[in-house]
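Right, one structure below, let's go through it.
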Amino acid sequence: MDDQLQWMIPLAGAALLLLGWLIYLRRRGGDRLKKALDEIAHDRIEGLVIPNADEGEIQVDHLLLTSQGLLIIDIKEAPGIVFGSDKMQEWTVISDDRRYTFPNPQPALYDRIAAVRHIVRQVPVAGRLVFLDSAEFTKGVPDLVSSIDGLVEAFGDSDKDAARFKVEAFKPHWELIKKAALPDRAGGSGKPA
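Structure follows, in structure tokens:
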């Protein structure tokens, strides 16, 4: 029995170290995303529910006010190699230990973009599917898909003074979005983050 105990203690210690490392890696990715969103957003709303064109409602998880207009962010975590394209109905993820498919996320993002544009017609509205660092597109990156670094590169401000001037011009439209917000039925705040 003592021999088994001698092996179990180091094995349990190694398992705890591995678990701690995995938790650290997951949090680090979340911290990178938060830092990127803070860098490009002059204001943001999370869990926003707004009317859509067909008299229903649509949820926007992350809406950012940037110097380029409004930006809708859908965050995807798909650890592994992702196979997807604009025309594919289902995208596939292959990782070391599993393979799975999920519906092409682009149509839902297009619907969110259309709903926001319906409210703020005179402001540029863009959308991005941000895949966290653990996702890899080996056969090409579909439209509207971005990494965290790509998001900062595309929407970051090199000239902060010019950016503030542009953002001030977008503020009245940003207020329109806030006024159009419906009470959130998904549990989010619908308030600025």
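Everything in the sequence shown is counted per numbering that gives the first Met the number 0, starting at 0 for the first residue and increasing by one. C-beta atoms are modelled at their ideal positions from N, C-alpha and C, and glycine is treated no differently. Model, not experiment: these values are computed from the prediction.
Would you check if the stretch 152-171 and the stretch 45-60 touch, i.e. whether three or more CB-CB distances between them fall below 8 angstroms?
no
If you draw a straight line from the alpha carbon of Val129 to that of Asp73, how long is it in whole angstroms?
Taking the sequence shown and counting its residues from 1, one reaches residue 129 at position 130. Taking the sequence shown and counting its residues from 1, one reaches residue 73 at position 74. The alpha-carbon atoms of Val129 and Asp73 are separated by roughly 6 angstroms.
In chain order, which alpha helix (DSSP H) runs of at least 4 residues are fully inside the stretch 45-125?
105-118
CB of Leu69 within 7 angstroms of CB of Val124, strictly:
Along the sequence shown, one-based indexing puts residue 69 at 70. Along the sequence shown, one-based indexing puts residue 124 at 125. Pairing Leu69 with Val124 gives a Cβ-Cβ distance under 7 angstroms.
Residues that DSSP places opposite Glu135 in a beta bridge:
Taking the sequence shown and counting its residues from 1, the one referred to as residue 135 is at position 136. Bridge partners of Glu135: Ile80.
State the DSSP-derived secondary structure class of Val144, mapped to helix, strand or coil.
As a first step, residue 144 must be located in the sequence shown, where it is residue number 145. Here Val144 sits in strand by DSSP.
Would you say the stretch 43-54 touches the stretch 91-102, given that touching needs at least three Cβ pairs under 8 angstroms?
no
Let's test the definition: count the other Cβ atoms within 10 Å of the Cβ of Ala52 and tell me whether it reaches 16, buried, or not, exposed.
For the purposes of this step, residue 52 is taken as residue 53 along the sequence shown, with counting starting at 1. Burial call: exposed.
May I have the straight-line CA-CA distance separating Leu64 from Lys138, to the nearest angstrom?
Within the sequence shown, residue 64 is the residue found at index 65, counting from 1. Within the sequence shown, residue 138 is the residue found at index 139, counting from 1. Cα-Cα distance, rounded: 32 angstroms.
In whole angstroms, what is the alpha-carbon distance linking Gly126 and Gln5?
Walking along the sequence shown from the start, residue 126 turns up at place 127. Walking along the sequence shown from the start, residue 5 turns up at place 6. Going from the Cα of Gly126 to the Cα of Gln5 covers about 55 angstroms.
Around the C-beta of Leu24, are 16 or more other C-beta atoms found within 10 angstroms, so that it is buried, or is it exposed?
Along the sequence shown, read from residue 1 onward, the residue named residue 24 stands at position 25. Confidence at Leu24 is low in this model, with a pLDDT of 46, below 50, so its placement is unreliable and the value that follows should be read with caution. When all chains shown are included, Leu24 counts as exposed.
Distance check for Ile118 and Pro182, CA to CA, integer angstroms please.
Position 183 of the sequence shown, counting from 1, holds the residue named residue 182. Position 119 of the sequence shown, counting from 1, holds the residue named residue 118. Whole-angstrom Cα-Cα distance: 16 angstroms.
At the level of alpha carbons, what is the spacing between Ala180 and Phe136?
Here residue 180 corresponds to residue number 181 of the sequence shown, with the count starting at 1. Here residue 136 corresponds to residue number 137 of the sequence shown, with the count starting at 1. If you take the alpha carbons of Ala180 and Phe136, they lie about 35 angstroms apart.
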